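In what follows, a single structure is set out as structure tokens and then discussed.
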Amino acid sequence: MISLTVGYVSGIIAAAIFLLQFVIPNALIVVLVGLLKDEHTTVTWSVVERSLLSSLWPLFLRAESTASRGVDRRVRLLTWLRPLALGLVTIAAVVTPLGLYDDIVPSRQEQNIEFAYMQDSGPMGYGTPERASNSIGYTRVCGSRLPMQCPGTTVEITFFSNETYYEANITNDDYDIRVPRALAEIYQSGLAEQPQSVSSFFDIQSRQYSFQNQSGILNNQKYVVESFRFLTSIILNDAIEPVEGLVVDTQTGGIAFRNHTVPLGMKFGAEWTEDLLWVEPETACVNTNISVEFKIPYTGISSFNLENISLVDDGGFANLVQHWPVVDVWNAQREPNLRNRAYKAAWMTNAYTMLVMNITRPAPDAFAYLNSKIGDKFPVTDDQTTGAKVGGIFMENMFTSLLNPDGFLSNTSIAENPRLNYSNPFGLSFQNYTDISTICSGAGGTDKANISNIHVECGLIFGAAQRKDGSKSLVFEPESWWTQPVYSCASTSKASIKETVFRYNVTEMSGNTLRALSVVSVNEKIYPDNQSMPLWGVESPPGWNLSEISQLWGLISRDMEKSANLSTIRAPHLYLPGNGGFFSTGIPGSSNLPAGDGITNLLAGVYGNPYSSSGLPDYTGSSNMAMYARWRDLSVNDGSINKIPNLIWTDLAANMLIGTRSWASGKALPSNLQKRDESNSGGDEKTTVPITVYNRRIRYHWPFAIPAFVSLFLFGAVVIAAVASFVSGRGVPARVRHYLFHLSSGRLLGAMQYPGECDRRAPSNEWIARVGSKPSDLRYHRGTGDAIDSLLNKEPLTGTEKPDGVTQANEVQSTAKRDGKDYLPQPEYTKVPEDDQAQGQGRTER
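Per my numbering, the very first residue in the sequence shown carries number 744; after that it's consecutive.
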């Protein structure tokens, strides 16, 4: 259905008006002739003639005034040009308005508009606790087994140990867990060189928080700790959307920190660009080239056991590279080498599995034999291969799910299939597999806390099962065969500044809520040179291990670049430091440092099977068919499977973290880190932001203007011809008057009925006074009265007819009587004067 625009409505109105202009004048002619009598004043017949000839009735009745035969060619051309021009102008009058349309367009210049806070009315909004501006302080606990003095604090701790135990003695039983203001100034200092919208380490808070009391800490005062409770899942939204405190990308994965403010008083919406701090996961996966094959039992998936489970060698055993892979992890900020890390983990997993199955042997004489080829199948049970699932994916970070050497194997299973009892001649156990995760990560808890040891988590992903025959199906039929690909993946998280384009447009559906705020695009920032890139810093205290400290990081100013315990890098992004982590739901943490251990726990939770905890959605897809269908589509190769951990990370992060910086935050430290005598400059002032405002504007589709342009061209040509005719002296008003007077029907009738009364060239007022006001009867004219009377009375005329039906004038004979007393013979032709200088009466020729 075509929607009506302003232009279409204007065109319809113009067409309707044209129709009225066509119908009304021609209909009035019908009324006019119905009112006419045979006798009126002479001037009346001139007026009637004007009405008749200005209508379309001469064309309808094919009167001689519309004839073309015998007409001078120049006169014929110009007389036909007039209706064509009028027709073209009529078409232009109807078509030209069709190009008009109403549009909402951006302003040419940005305007400074006041912004105000907008709360999220959805689950993320009403599920986020309120927080006073200075009540959520940042705290951290340092140390591994025993508490240690965190960098920048003044607490004194003495240690004692012997052969049986370790002991830490805190002076005055007052362990200071507060983050010193001096450290906060360092890791927030870079914001002075960034736009107001950019966040740093201390603008990130935990969405949920709790309070805790513990003897020996902060003089037994309560303090804030992180907490986590799940609010809602947005993992399947496949959108970039704002929620309370964040912008969440569920297309590729990632979150940006923004305390949402929107422009006030926008009738048609507005658009603007902000630089935001984004933290996003980055994952690389490789195919182990080992797949899991199984059959659904006869009783269907209601049975808890799958049948005929096998590991299929797709090249992971037969084509295994027979040398130790080497991965460079020392320059991780420049190149984290995630794919090579994942490959090394896959290589170790396959090699260990081959040793358990005695497919090959280790050193010495490694790979002396290889008892597998592509396509070989090795039977297993679901206790040995715990990742075999028909209804969802499986993820874990212990690398034993492909073949657990310590997996339970019943005597019944061995009796049914003796091949299940692999000999494991080299005595591998669960402990051997624990090295895989550490080697893939590149650093363990005892490695140094610095900028190079970034946080990398690794694990196996068993993709969503696919029909073995290659067909796509969401129906798990009994006795159907399925196959699962197995991938090795490595993930990290990185911080960067991106240009984020927002649009705010209040509609009837969105209302004046956060739903009216949308994200148009997110773009990587382009830096012209290295010096224009942001300066990132990571806390690197000498002698500290990764397990002993949750490192601070953030944007650093130039004057803080040489600060103590600080490593910096100038780059478009920063891969975040950390190690290990623990993800739990509903259990408060021991400190409040969301941008540190919070993000660390998130990454660990992705592969640590957090969805087994209560209160979290089922990320495997086993209980969510829509999620299973999406995982199935992403499981087809290692180029798409990496989205799965990224999206799980994003969904958890959106529920865990929140940003507090907005346009009204000012450049000072967050209020919970300021001294009591300081204020957050700009916090109470009205904040204006340069934005592009949308306004209503009338626009035009130019193709509809073609008839108007043609009409304009024709108008120009006619004006030029008229001016030329006027300048030449032939198109002057005097000549127009001459032909009007001589061709006027009233003057012709007056000359015939009242000859000599008035010159036909006399001015109109004089002619009307002397002749025009006298009666004139069409049935009786002097000299031709009998002939006209016979015509009006339909008396037959006789004459010689030509072959083409034209009767010669001199052959016409009337049967009417010619004995009227007023009958006077009239000349056949009268020659009119050539110009206005002709004087006297015209010469009559026979």
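Glycine included, C-beta positions come from ideal geometry on N, C-alpha and C.
Remember, predicted model here, so these are calculated numbers, not experimental data.
Would you kindly work out how many angstroms separate the C-alpha atoms of Asn-1266 and Ala-1238, rounded to a whole number? Cα to Cα, the separation comes out at about 14 Å.
Quick one: Cα of Ser-1306 to Cα of Leu-1278, how far? For Ser-1306 and Leu-1278, the distance between alpha carbons rounds to 13 Å.
How many Å lie between Asp-1125 and Asn-1160 at the Cα? 14 Å
Leu-1163 beta carbon less than 7 Å from that of Thr-1092: For Thr-1092 and Leu-1163, no; Cβs fall outside 7 Å.
Please identify the residue among Leu-1390, Leu-775 and Leu-831 whose C-alpha is closest to the C-alpha of Ile-1449. Leu-831
Name the DSSP bridge partner or partners of Arg-921? Thr-882
How is Pro-1228 classed by DSSP in three states: helix, strand or coil? Pro-1228: strand per DSSP, three-state reduction.
What's the gap between the Cα of Val-1005 and the Cα of Phe-1245? 10 Å
Which residues mark the beginning and the end of the alpha helix (DSSP H) in which Ile-1640 is found? There is no way to answer for residue 1640, as the model of the chain reaches only from 744 to 1589.
For a test of the three-state rule: what should DSSP assign to His-1198, helix, strand or coil? coil
Near Val-752, what residues of its chain come up, given a Cβ to Cβ distance below 6 Å and the 5 sequence neighbours on each side ignored? none
Which of the three DSSP states, helix, strand or coil, is assigned to Gly-933? helix
According to the neighbour-count rule (16 or more other Cβ atoms, all chains shown, within 10 Å of its Cβ), is Ala-1131 buried or exposed? buried
Taking the alpha carbon of Gly-1254 as the reference point, which residue from Arg-793, Ser-864 and Arg-825 has its own alpha carbon closest? Sorting Arg-793, Ser-864 and Arg-825 by C-alpha distance to the C-alpha of Gly-1254 places Ser-864 at the top.
Just to confirm the assignment: which complete alpha helix (DSSP H) runs, minimum length 4, are found wholly within the stretch 746–779? Counting only runs of 4 or more, we get 749–778.
Whole alpha helix (DSSP H) elements within the stretch 1263–1347, 4-residue minimum: none
Touching by the beta-carbon criterion (3+ pairs, under 8 Å), the stretch 1379–1398 and the stretch 1225–1236: yes
Local Cβ density within 10 Å of Met-685, reported as buried at 16 or more and exposed below that: Residue numbering for the chain in the displayed model covers 744 to 1589; residue 685 lies beyond these limits and cannot be assessed.
Rounded to whole angstroms, what is the Cα-Cα separation between Gly-1542 and Gly-813? Bear in mind that a pLDDT of 40 at Gly-1542, under 50, signals an unreliable position, so the model cannot answer this.
Secondary structure of Leu-989, DSSP reduced to three states: strand
Contacts around Leu-762, its chain only, beta-carbon distance under 6 Å, and the 5 residues preceding and following it disregarded: Contacts found: none.
Note down the Cα distance separating Leu-1336 from Gly-1297, rounded to an integer number of angstroms. 13 Å
Please report how far the alpha carbon of Ile-755 lies from the alpha carbon of Pro-1433, in whole angstroms. 42 Å
Work out the CA separation of Tyr-1086 and Tyr-1230 for me, nearest whole Å. Going by the C-alpha atoms only, they are around 9 Å apart.
Determine the contact status of Pro-1518 and Glu-782, defining contact as a CB-CB distance below 7 Å. Contact: yes.
For Ala-1061 and Ala-1109, the rounded distance between their alpha carbons: 14 Å
Between which two residues does the alpha helix (DSSP H) holding Pro-1450 run? 1449–1471
Measure the C-alpha to C-alpha separation of Ser-1310 and Pro-1168 and round it to an integer number of angstroms. About 48 Å.
Through-space distance from Glu-987 to Tyr-881, alpha-carbon basis: CA-to-CA, the gap between Tyr-881 and Glu-987 works out to about 21 Å.
Under DSSP, the beta strand (DSSP E) around Leu-1054 begins and ends at which residues? 1050–1056
At which residues does the beta strand (DSSP E) containing Asn-1398 begin and terminate? No beta strand (DSSP E) contains Asn-1398, which is instead part of the alpha helix (DSSP H) from 1386–1399.
For a test of the three-state rule: what should DSSP assign to Gly-1474, helix, strand or coil? coil
If you run the structure through DSSP and keep just helix, strand and coil, what is Val-790? Val-790 falls in the helix class under three-state DSSP.
Less than 7 Å between the beta carbons of Thr-1072 and Gly-1185, yes or no? In the sequence under discussion, the amino acid at residue 1072 is Val, which differs from the Thr named in the question. It is a contact, given that the beta carbons lie within the stated cut-off.
Rounded to whole angstroms, how far is the Cβ of Gly-1489 from the Cβ of Val-786, which I believe are closer than 8 Å? Going by Cβ atoms, the distance from Gly-1489 to Val-786 rounds to 5 Å, so yes, they are a contact pair.
Cβ shell of Gly-1078 (< 8 Å), same chain only, five flanking positions each side left out: For clarity, residue 1078 is Glu in the given sequence; the question names Gly instead. Only Asp-1071 meet the Cβ criterion.
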